Amino acid sequence: MPAILTLLRIKNLALVEELEWQIGPGFIGVTGETGAGKSIIIGALQLLLGERADKSLIRTGADLCTVEAVFTGKDLQKLNPQLVEAGIEPCEGDLIIKRSFSGGGGTRQFINGSPTTLSVLKNLGDELVDLHGPHDHQSLLSPDTQLSLLDSFARAEEQLDEYRKHFRQLQSLLAEQAALNTAETAREQELDLLRHQISEIKSANLVAGEEEEIENRYKLASNSKRLIELASAIANKLSEADRSVLSQLAETQRLLRELEKIDSSIAQFSSAHAASVVELSEIARALSAYAEKLDLDPEQLAALEQRVSLFETLKRKYGSSIAEVIAFAERAAERVQKIEGRDIELERLAREIENVRAQMNRAGEALRKLRAKAAPKLSENIRHHLRDLGFRQSEFEAKLSSLDEPSRNGFDSMELLFSPNPGEPLKPLRAIASSGEISRLMLAIKSALAAQDAIPLLVFDEIDTNVGGEIAHAVGAKMRTLGQDHQVICITHLPQVAATASSHFVVTKDVTRGRTFSNLREVTGKTREEEIARMLGGKSESALKLAATLLKAWV
Numbered sequence: 074m075p076a077i078l079t080l081l082r083i084k085n086l087a088l089v090e091e092l093e094w095q096i097g098p099g100f101i102g103v104t105g106e107t108g109a110g111k112s113i114i115i116g117a118l119q120l121l122l123g124e125r126a127d128k129s130l131i132r133t134g135a136d137l138c139t140v141e142a143v144f145t146g147k148d149l150q151k152l153n154p155q156l157v158e159a160g161i162e163p164c165e166g167d168l169i170i171k172r173s174f175s176g177g178g179g180t181r182q183f184i185n186g187s188p189t190t191l192s193v194l195k196n197l198g199d200e201l202v203d204l205h206g207p208h209d210h211q212s213l214l215s216p217d218t219q220l221s222l223l224d225s226f227a228r229a230e231e232q233l234d235e236y237r238k239h240f241r242q243l244q245s246l247l248a249e250q251a252a253l254n255t256a257e258t259a260r261e262q263e264l265d266l267l268r269h270q271i272s273e274i275k276s277a278n279l280v281a282g283e284e285e286e287i288e289n290r291y292k293l294a295s296n297s298k299r300l301i302e303l304a305s306a307i308a309n310k311l312s313e314a315d316r317s318v319l320s321q322l323a324e325t326q327r328l329l330r331e332l333e334k335i336d337s338s339i340a341q342f343s344s345a346h347a348a349s350v351v352e353l354s355e356i357a358r359a360l361s362a363y364a365e366k367l368d369l370d371p372e373q374l375a376a377l378e379q380r381v382s383l384f385e386t387l388k389r390k391y392g393s394s395i396a397e398v399i400a401f402a403e404r405a406a407e408r409v410q411k412i413e414g415r416d417i418e419l420e421r422l423a424r425e426i427e428n429v430r431a432q433m434n435r436a437g438e439a440l441r442k443l444r445a446k447a448a449p450k451l452s453e454n455i456r457h458h459l460r461d462l463g464f465r466q467s468e469f470e471a472k473l474s475s476l477d478e479p480s481r482n483g484f485d486s487m488e489l490l491f492s493p494n495p496g497e498p499l500k501p502l503r504a505i506a507s508s509g510e511i512s513r514l515m516l517a518i519k520s521a522l523a524a525q526d527a528i529p530l531l532v533f534d535e536i537d538t539n540v541g542g543e544i545a546h547a548v549g550a551k552m553r554t555l556g557q558d559h560q561v562i563c564i565t566h567l568p569q570v571a572a573t574a575s576s577h578f579v580v581t582k583d584v585t586r587g588r589t590f591s592n593l594r595e596v597t598g599k600t601r602e603e604e605i606a607r608m609l610g611g612k613s614e615s616a617l618k619l620a621a622t623l624l625k626a627w628v
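Each residue of the sequence shown is one higher than the one before, starting from 74 at the first, in our numbering.
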């Protein structure tokens, strides 16, 4: 069983003040009277799929609307490369998506607690949810996705990976060839610039790591005059000036000795005083020596200043550090070598391109054969499911066509074509206007490809349009079967469909203290029979019996 949606939490969306919906695997039916708020579930999922946030959806009196979903399952780990590339924490067991927007127009979205963009959210949504209804989020309408489904049906993924490897190699080699085939004048201009840059960097005789050492020496040298002044002034105050510190301490030391002669307990103060005099004398001598050692050579200072200035000039042109400047020169030298060896390089590229193109063509032809063999089988499989769903005289074709130029998906394009009625021409799925037709068609396709389709959650809204009786039973049976490989949520008005669901939820609209609230609750046993009876037209004894009969076949 693939990953499933286990929790949908909605706060302040339309009529919903706060809703926490915990759901399990299989086929989940959602019913309720018209206007009760069933569409809010679709709206919440659309927000999580990256659809535009309309501030008018925020519940009256609230400032912030929040929608959150938790998906659970080991299959989610296949999304980790995509998440890591987007700077998002990878999945271990759960995938948490959160979207919030305010009345001021601000919107925020998070995946596994990491802030993200709507673009990333939309791409992730394509991997998680297929939503079919009046406002569709339908991956199956994309020709690339249709071709991908054919490849899954044909078990051609390995062959496609092999082809794409050679296709990428070829594109890279062709880009190199195009770069070398630039106009001669532009090539010479580039060479002149590169040689100038290399010469400028090389003449500087740069050494990695010298920048910090030179800057420290320059800082010391440029401040040497002030350092000498400060050190000499301190030494003078301590020992050389009239009334210096040490001369005054000599007088206090004499007085302490006289005290000691009278009171021997003063000896400890006399000793401490003597030690302080020795330490201050050492400081005065050390500062005098420090001042004498400082170099005031103006030529050395000028040379250091010039070196520092050169560093700044080179960094401004070629990089933020001397290491980056050196690396720039190395890359420039490689580029010069490549340009100067242009003819040799072009010959090598031509041979390599021919070799890789041949490998790509072999892989592409093998892929095409697999697709051509699988397309008729896929078409027949889908036609079988369509007949079960009431399209007894419809036509369906998975049409494979050759591309003028190879693409990253091979030499072929595919279009799923459908004609619901006899005498009507086959048309692409995206040209079908009826939501009822497109929804049932999607159900047939999903049923045919259930084992190969990796999207975990399928959501159907208004799939029961223009459907009734025997076909309604078939629709429910298909969804129940589809729920074995996917999690299926269906918002339905048909009791026959709702009765086949493995779990059944009812949306109700209640008025409390003058405010309208939409609520969602699971129904089982007698309450489920009563809901099916309501959908059949009332809670009469005959309706309740029929409801029990419908449920007995599935519960």
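Backbone N, C-alpha and C fix where the C-beta goes; we use that ideal spot for every residue, glycine too.
All of these numbers come straight from a predicted model, not from anything done at the bench.
What are the partner residues of residue i, as DSSP defines its beta bridges?
{"i": "K472", "result": "E488"}
{"i": "I131", "result": "L86"}
{"i": "C563", "result": "G102, F533"}
{"i": "I170", "result": "A142, I184"}
{"i": "K500", "result": "F491"}
{"i": "F578", "result": "V103, E595"}
{"i": "R588", "result": "T585"}
{"i": "S361", "result": "Answer by DSSP bridge pairing: none, since S361 is not bridged."}
{"i": "D203", "result": "L531"}
{"i": "S175", "result": "L137"}
Closest to residue i by CA distance: which of the options is it?
{"i": "N85", "options": "D127, G99, A376", "result": "D127"}
{"i": "A545", "options": "A574, A347, S492, I412", "result": "A574"}
{"i": "Q155", "options": "L194, I356, I131", "result": "L194"}
{"i": "V140", "options": "G160, I113, I161", "result": "I113"}
{"i": "Q242", "options": "K411, A431, S354", "result": "A431"}
{"i": "D477", "options": "E470, A523, S486, I562", "result": "S486"}
{"i": "I96", "options": "L120, D136, A142", "result": "A142"}
{"i": "R481", "options": "K411, S221, L120", "result": "S221"}
{"i": "L214", "options": "K519, Q373, E378", "result": "K519"}
{"i": "S295", "options": "I395, R601, E372, D416", "result": "E372"}
Less than 9 Å between the beta carbons of residue i and residue j, yes or no?
{"i": "Q182", "j": "S175", "result": "no"}
{"i": "A445", "j": "L267", "result": "no"}
{"i": "L593", "j": "L92", "result": "yes"}
{"i": "L473", "j": "L152", "result": "no"}
{"i": "H559", "j": "L514", "result": "no"}
{"i": "T145", "j": "T190", "result": "no"}
{"i": "G549", "j": "A571", "result": "yes"}
{"i": "L443", "j": "A606", "result": "no"}
{"i": "G198", "j": "L253", "result": "no"}
{"i": "L502", "j": "S492", "result": "no"}
Taking the alpha-carbon positions, what's the residue i to residue j distance?
{"i": "R358", "j": "S305", "result": "10 Å"}
{"i": "V409", "j": "R380", "result": "28 Å"}
{"i": "K388", "j": "R260", "result": "26 Å"}
{"i": "L81", "j": "E165", "result": "19 Å"}
{"i": "G178", "j": "R125", "result": "11 Å"}
{"i": "A402", "j": "K275", "result": "8 Å"}
{"i": "V351", "j": "K334", "result": "22 Å"}
{"i": "H210", "j": "L204", "result": "For H210, the predicted model reports a pLDDT of 46, less than 50, meaning its position is unreliable; a value from the coordinates is still stated below. Going from the Cα of H210 to the Cα of L204 covers about 5 Å."}
{"i": "T554", "j": "F484", "result": "35 Å"}
{"i": "A362", "j": "I271", "result": "46 Å"}
{"i": "R132", "j": "F226", "result": "45 Å"}
{"i": "E420", "j": "Q262", "result": "23 Å"}
{"i": "L462", "j": "E453", "result": "14 Å"}
{"i": "H208", "j": "Q150", "result": "At H208 the pLDDT is 46, less than 50, meaning the model places this residue with poor confidence; the figure from the coordinates comes in the next sentence. Approximately 29 Å between the Cα atoms of the pair."}
{"i": "C138", "j": "I83", "result": "8 Å"}
{"i": "G611", "j": "D148", "result": "43 Å"}
{"i": "V561", "j": "R424", "result": "53 Å"}
{"i": "I339", "j": "L329", "result": "8 Å"}
{"i": "L619", "j": "T581", "result": "23 Å"}
{"i": "H239", "j": "V429", "result": "6 Å"}
{"i": "W94", "j": "I101", "result": "12 Å"}
{"i": "L374", "j": "E288", "result": "11 Å"}
{"i": "D265", "j": "Y391", "result": "16 Å"}
{"i": "T180", "j": "I528", "result": "26 Å"}
{"i": "V532", "j": "Y236", "result": "34 Å"}
Under the assumption that residue i contacts residue j (Cβ atoms under 8 Å), give the Cβ distance between them as a whole number of angstroms.
{"i": "A521", "j": "H458", "result": "5 Å"}
{"i": "Q569", "j": "L516", "result": "Not confirmed; about 14 Å, so no contact."}
{"i": "G116", "j": "L130", "result": "7 Å"}
{"i": "S591", "j": "V89", "result": "5 Å"}
{"i": "N196", "j": "L168", "result": "The pair is not a contact, with the Cβ atoms about 13 Å apart (cut-off 8 Å)."}
{"i": "I161", "j": "S187", "result": "4 Å"}
{"i": "F578", "j": "E595", "result": "5 Å"}
{"i": "Q232", "j": "A439", "result": "6 Å"}
{"i": "S312", "j": "S343", "result": "Wrong, their Cβ atoms sit about 21 Å apart, outside the cutoff."}
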